[in-house]
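Step one of this worksheet: look at the structure below.
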Amino acid sequence: MAMAITRSPQAIDDRLTYLLEEWEGLGQVERRWAAMDSVEREVFHLEWAGVIEPRLRELSEWAAAGELSREQLARFATLLELVRKHRGFINSVYAER
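Dropping the structure here:
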């Protein structure tokens with residue numbers, strides 16, 4: 006029988022804070038994108054695909070499992086708005102590879 010793992014409220018808050026900061030900073034990255042060299046672009050892509058996206062998926066799973074408080078759900082909704090706003094840019098980054 007699988008054991009349910011419950012995240013601490015602090016772990017969820019930390020994940021939300023991290024992801025909100027990353028997604029909020031995308032506007033600046035997008036403005037600088039054309040001036041970034043290929044190494045900077047590759048590092049960004051690797052971090053985004055290997056760290057940011059998996060953490061977003063994991064947080065989404067925690068939300069679906071009912072592990073977020075009301076306040077955390079409100080912050081998660083804000084995060085999802087940022088994801089929708091910047092998804093086109095991120096998809097274009099992935100398409101460059």
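Using the working numbering, you'd call the opening residue of the sequence shown number 6 and step up by one each time.
Where a beta carbon is used, it is the ideal one built from N, C-alpha and C, also for glycine.
Keep in mind that this is a model prediction, so the values were computed, not measured.
**OP:** Take every Cβ of the segment 82-90, pair it with every Cβ of the segment 33-53, and state whether three or more of those distances are shorter than 8 Å.
**Re:** no
Original post:
Grouping DSSP H, G and I as helix and E and B as strand, with all else coil, what is Arg60?
Top reply: helix
Original post:
In whole angstroms, what is the alpha-carbon distance linking Arg60 and Leu24?
Top reply: 8 Å
Original post:
Would the beta-carbon of Trp53 fall within 8 Å of that of Val88?
Top reply: no
Original post:
With 16 as the cutoff for other CB atoms within 10 Å, does Leu73 come out buried or exposed?
Top reply: buried
Subject >> Glu35 versus Arg12: straight-line alpha-carbon distance, rounded >> reply: 33 Å
**OP:** Consult DSSP for Leu87 and reduce its assignment to one of helix, strand or coil.
**Re:** helix
Original post:
How about Arg20 and Leu64: are their beta carbons less than 8 Å apart?
Top reply: yes
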